[in-house]
Amino acid sequence: MTMLDNRQLMLKICRMYYLANISQKEISEKLGISRPQVCRIISAAREKGIVTITIDDAFETELNLEQGLIKKFSLKDAIVVNLSGYPSDQTFEKFCMQAAEHIETLINDGMKIGVMSGNTISTVIDYVSPSQKKNLEIVPLMGGLGLENAKIHANAIAQRFAEKTGGINYALNAPVIVQSAEIKESLLREPTIRSILKLGRNCDIALLGIGNVNVSSTPAIAGRWTEKDRKELLNRGVIAAICNSFLDKDGKIIETILDKRSIGQTLQTLSSAKKIGIGVGIAKTEAIKASLSSGYLDVLITDTDTAARLLN
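For reference, each letter of the sequence shown is one residue, going 18 to 329 in the numbering used here.
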């Protein structure tokens, strides 16, 4: 009888290796057989079904959706958050909490991180755990939205983010939409504004909220767009808004009446950054799909229901 046929020896070695966490080298020394023989016996035990390995994968659904999104939209990564079981009034907070956990894993010393305005990015940053990073810079990617809802302005978000991470933040002291192209050109001649915009163009990571063009969207509520502006965007076929870029259903960037009056970054100017799109809720499915179809996003963070719709 060879050692590979000796079931009792095989069981003994497997118990030592898998249950007692004894290394193959120690097993070989204890039993007086070579390490390659121990390795072959362990392999044979798995082939014979004496040892089976089961992975208790509680996140199989999310992982399958993530892989589907990565493949379909050529993403570098996708994070899908399962919100089932949570009351509807808690899902947004739970989503932002888990999105923040992922963002934390990406933050390294010496980075420049750009942040958009908006309720989603603001809430995600609220859930980022305190840390102390070295030489971390937080940069607003767009101008202010208006007098109200100051907490969700990019400047305010950048400040809170820096406070939580031990970084330094900058302020883009200009409205995101001004009254005329002439005013925009005048503001862009200001050295401080130019320098902040340059920092934004050179950021390592850009945290981007994915917005749609309905009356309850952040820009509409905050007064970034007038109702006339919003209707014009809809007439042009705009489905999604990210920073100062507007996209149609196929992900094509649409030129709009707001372009010549907007101050901040676009998807094109953020070409060197790792662009992380964050969007939750089936109401944003079309906007998220348009954003993914544009090819500009590198990473998507969304929820299971929305991910399933994107894949179907």
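All residues carry an ideal CB built from backbone N, CA and C; glycine is no exception. Since this is a predicted model, take the numbers as computed values, not measurements.
When secondary structure is reduced to three states using DSSP, residue 320 falls in the strand class. Boundaries around residue 154 are those of the beta strand (DSSP E), 154-157, since no alpha helix (DSSP H) includes it. By the neighbour-count definition (other C-beta atoms within 10 Å, threshold 16), residue 147 is an exposed residue. By the criterion of a C-beta distance shorter than 6 Å, residue 268 is surrounded in its chain by 307, 310, 311, once the five residues flanking it on both sides are discounted. Distances from the CA of residue 176 to each of 328, 156, 51, 211 were compared; the closest alpha carbon is that of 156.
The three-state secondary structure of residue 59, taken from DSSP, is helix. Under DSSP, residue 279 forms a beta bridge with 194. For residue 285, the number of other beta carbons within 10 angstroms of its own is below 16, and it is reported as exposed. Restricting attention to alpha helix (DSSP H) runs no shorter than 4 residues, the region 116-163 encloses them at 136-143, ordered along the chain.
Selection 188, 225, 194, 227 evaluated against residue 208 yields 188 as nearest (Cα-Cα).
At the C-beta level, residue 223 and residue 318 stay beyond 8 Å of one another. As computed with DSSP, residue 295 is found in a beta bridge with 226, 318. Taking a C-beta distance under 8 Å as the contact criterion, residue 281 and residue 252 do not qualify as a contact pair. Ranked by Cα distance from residue 295, the first of 136, 65, 59 is 136.
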